[in-house]
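Residue numbering for the sequence shown follows my numbering, beginning at 1 and increasing consecutively. Each residue gets a CB set at the ideal place from its N, CA and C atoms; glycine is no exception. Owing to the predicted nature of the structure, the values given are computational and were not obtained by experimental measurement.
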Amino acid sequence: MRTSGESAAGWFPVARADEVGTTPLPVSAGGRAWVVVRLRHGGEVSAFPARCPHRLVPLATAAVVDGRLQCAAHGWRFDGEGRCAEIPSLGAGGTPPPRADLAGPWAVEERAGWVWLAPDRTAHRAPARPGGVPAVEPRREPPAPVGPVFGNLDPSLEHAWHPVALSTELRDGGWLQVRLLGRTWTLSRRADRLAAEPPAAGVRERLGLLWLAPAEPHDVPLEVPEAGDRSFVAGWLPPLRSPGPAGPLADTFLDATHGPFVHPSTLAALPETGPYELVREPGGFRSVQEQEVDNPVDPGVATGERPLRQRRRTTYVHRAPFQLRLRQEFLDSGATTTLLYLLQPEDADSTRIYVRLMLAAGPGQRLPAPATVVEQVALQQQVLEEDIRSQAALLLPGLPLDPRDEVHVPADARGVALRQALCDFLVAGRRGRLAA
Ligand SMILES: [Fe+2]
1 MRTSGESAAG WFPVARADEV GTTPLPVSAG GRAWVVVRLR HGGEVSAFPA RCPHRLVPLA
61 TAAVVDGRLQ CAAHGWRFDG EGRCAEIPSL GAGGTPPPRA DLAGPWAVEE RAGWVWLAPD
121 RTAHRAPARP GGVPAVEPRR EPPAPVGPVF GNLDPSLEHA WHPVALSTEL RDGGWLQVRL
181 LGRTWTLSRR ADRLAAEPPA AGVRERLGLL WLAPAEPHDV PLEVPEAGDR SFVAGWLPPL
241 RSPGPAGPLA DTFLDATHGP FVHPSTLAAL PETGPYELVR EPGGFRSVQE QEVDNPVDPG
301 VATGERPLRQ RRRTTYVHRA PFQLRLRQEF LDSGATTTLL YLLQPEDADS TRIYVRLMLA
361 AGPGQRLPAP ATVVEQVALQ QQVLEEDIRS QAALLLPGLP LDPRDEVHVP ADARGVALRQ
421 ALCDFLVAGR RGRLAA
């Protein structure tokens, strides 16, 4: 990522040498955040900028693997000079682009039991021997992106329907307080009539949720064919909160390449391979990919009716701002799993997450058993908790909208489309406000 113009010449003490091991240590030098780490036990100290250039994940959460620094989210690996040596989503033969390299400090040195860092070129080749205990700068947070970001309080969000509660959270005759876009609303239900206070442009019930539109909405509702299909059984995850904005969270739900790193035990490490087709649609986009994968849980495999290796189609649908549908179909048996992710931007640093799981066994099969739904909901909840933990470490005010603030690789096509859709949404909101 680009850094702000701030720079400071000279050497800065950042940590005691014995504090720096093979776990990255966040430090500050010259007013900028860095991490220092030894890529081998007892080896020399390396210094890196505070964030991975890909999705700006703080490298304080990275790990040393095989003598390289490995980012916690997508496994990008950097050598001691900051050169990006490996990007797993590019496949075995893939070469990282030059932009993936980290812009490290000019130099890092160990001297008199301390680690010193020179962010920029300086006339002195080494730090001076300190007279006493050197003064270490207070640690800085990793930098915010330079360009604009899409945060939870973006004014364009006024003009959309947002989920604010499960339908079951508001009984008839009752009321409920919810947070949305940094404000509190009181919803009430009388004889099946919904009302909001302060008044809103709209309140409605859809897909088992209550929705609120603060101002005239211009978003495109997400279509969910599974909702009216009697071959599906469904269950809600208990709504959870993420201590960060909705944009990066939606980005994570659209991303298949963080699985082996963020969900090593909960999701089978089946990297999504090959390109996928992505089509822009009104209010968002759709991506479709077909792959051949093993399907050991198919009862038809045990009876010999179908082979172990089967065709699977994965479809992602996004509608701005934060509505997502992920459908996985085994084309031979018809068994389908659909997940809806619907996000409520409550406050700048709080997003409530509604996830609905919908399962079908396929034509001619019995409906999936209630125990299967309970089991799958529990698994998805574990996966979601892992995603929330990784979001909590991200420390971003929103989803970066300037392509120069991140490095995109082919596997990020959905992420790029999400950023474009949110840019379009933001521009449409501005036009709407100007016209009003
Ligand atoms: Fe995830």
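Please work out which residues of its chain come closer than 6 Å, Cβ to Cβ, to residue i, disregarding the five sequence neighbours upstream and downstream, and give them in chain order.
i: Ser-7; result: Since pLDDT at Ser-7 reaches only 49, below the 50 mark, its modelled position is unreliable, and the value read off the structure follows with that caveat. For Ser-7, where only same-chain residues beyond five positions count, the Cβ hits under 6 Å are Asp-120.
i: His-124; result: none
i: Asn-295; result: Gln-310 and Phe-330
i: Gln-381; result: Leu-237
i: Ser-231; result: Ala-360
i: Gly-334; result: Gly-362 and Pro-363
i: Ser-437; result: Residue 437 lies beyond the stretch modelled for the chain, which goes from 1 to 436, so this question has no answer here.
i: Arg-430; result: none
Examine ligand 1 and report whether any of its heavy atoms sits within less than 8 Å of the Cβ of residue i.
i: His-263; result: yes
i: Phe-322; result: no
i: Asp-255; result: yes
i: Gly-259; result: yes
i: Thr-61; result: no
i: Asp-387; result: yes
i: Val-383; result: yes
i: Thr-252; result: yes
Which residues mark the beginning and the end of the alpha helix (DSSP H) in which residue i is found?
i: Gly-247; result: 246-253
i: Asp-347; result: Taken as a continuous stretch (DSSP letters only), Asp-347 belongs to no alpha helix (DSSP H), being part of the beta strand (DSSP E) at 336-347.
i: Pro-163; result: No alpha helix (DSSP H) contains Pro-163, which is instead part of the beta strand (DSSP E) from 162-166.
i: Pro-370; result: 370-392
i: Pro-260; result: 259-262
i: Val-301; result: 299-302
Pull up the distance between the alpha-carbon of residue i and that of residue j, whole angstroms please.
i: Val-45; j: Trp-116; result: 10 Å
i: Gly-132; j: Ala-118; result: 20 Å
i: Glu-86; j: Asp-79; result: 9 Å
i: Cys-71; j: Ala-191; result: 53 Å
i: Asp-402; j: Pro-363; result: 46 Å
i: Ala-393; j: Phe-253; result: 16 Å
i: Ser-390; j: Gly-247; result: 14 Å
i: Gly-228; j: Gly-235; result: 14 Å
i: Leu-399; j: Pro-245; result: 8 Å
i: Ala-62; j: Pro-243; result: 20 Å
i: Val-301; j: Thr-372; result: 18 Å
i: Val-416; j: Gly-284; result: 11 Å
i: Gly-147; j: Pro-198; result: 34 Å
i: His-408; j: Thr-303; result: 44 Å
i: Ala-357; j: Glu-109; result: One point to set straight first is that residue 357 is Leu, not Ala, in the sequence displayed. Looking at the two C-alpha atoms, the distance is approximately 53 Å.
i: Ala-29; j: Ala-107; result: 12 Å
i: Ala-428; j: Tyr-276; result: 28 Å
i: Pro-142; j: Arg-16; result: 21 Å
i: Leu-326; j: Tyr-316; result: 5 Å
i: Leu-194; j: Pro-307; result: 51 Å
i: Glu-385; j: Thr-122; result: 45 Å
i: Arg-77; j: Val-27; result: 20 Å
i: Ala-135; j: Trp-11; result: 12 Å
i: Arg-286; j: Tyr-354; result: 20 Å
i: Glu-81; j: Arg-140; result: 22 Å
i: Leu-343; j: Thr-351; result: 7 Å
i: Tyr-341; j: Leu-25; result: 35 Å
i: Gln-420; j: Asp-101; result: 25 Å
i: Asp-66; j: Val-288; result: 35 Å
i: Trp-114; j: Thr-338; result: 54 Å
i: Ala-165; j: Gly-173; result: 16 Å
Kindly indicate the opening and closing residues of the beta strand (DSSP E) around residue i.
i: Gln-365; result: Careful: Gln-365 lies outside any beta strand (DSSP E) and carries neither H nor E.
i: Leu-278; result: 277-281
i: Val-27; result: 25-29
i: Pro-13; result: 12-16
i: Val-178; result: 175-180
i: Pro-53; result: Where Pro-53 is concerned, there is no enclosing beta strand (DSSP E), given that its DSSP letter is neither H nor E.
i: Asp-294; result: 284-294
i: Ala-128; result: Element bounds for Ala-128: n/a, residue is neither H nor E.
i: Ala-118; result: 114-118
i: Phe-322; result: Note, Phe-322: premise wrong, no beta strand (DSSP E); not H, not E.
i: Thr-186; result: 183-190
i: Val-65; result: 63-65
i: Ala-234; result: 232-236
Could you name the residues of the same chain whose beta carbon sits closer than 7 Å to that of residue i, not counting the 5 residues immediately before and after it, in chain order?
i: Pro-282; result: Val-220
i: Ala-459; result: Here the chain has residues from 1 to 436 only, and residue 459 is not among them.
If I measure Cβ to Cβ from residue i and keep anything under 8 Å in the same chain, skipping five residues before and after, which residues do I get?
i: Leu-153; result: Leu-181, Gly-182, Pro-345, Asp-347 and Ala-348
i: Leu-396; result: Leu-56, Ala-144, Pro-145, Val-149, Gly-244, Pro-245 and Pro-248
i: Pro-368; result: Val-233, Leu-359, Ala-360 and Ala-361
When you compare the CB of residue i with every CB in chain B, is at least one pair closer than 9 Å?
i: Thr-23; result: The question asks about chain B, but that chain is absent: this structure has only one protein chain.
Self-check item: Contact the segment 306-322 vs the segment 419-435: 3+ CB pairs below 8 Å
Solution: Segment contact: the segment 306-322 against the segment 419-435, three or more CB-CB distances shorter than 8 Å; contact assigned.
Practice problem: Could you tell me whether the segment 369-376 touches the segment 47-57, using the rule of 3 or more Cβ pairs below 8 Å? | Solution: No, because fewer than three Cβ pairs between the segment 369-376 and the segment 47-57 fall closer than 8 Å, the two stretches do not touch.
Quiz item: Counting Cβ pairs, one atom from each stretch, are 3 or more of them under 8 Å apart for the segment 160-175 and the segment 253-262?
Solution: No, the segment 160-175 does not touch the segment 253-262.
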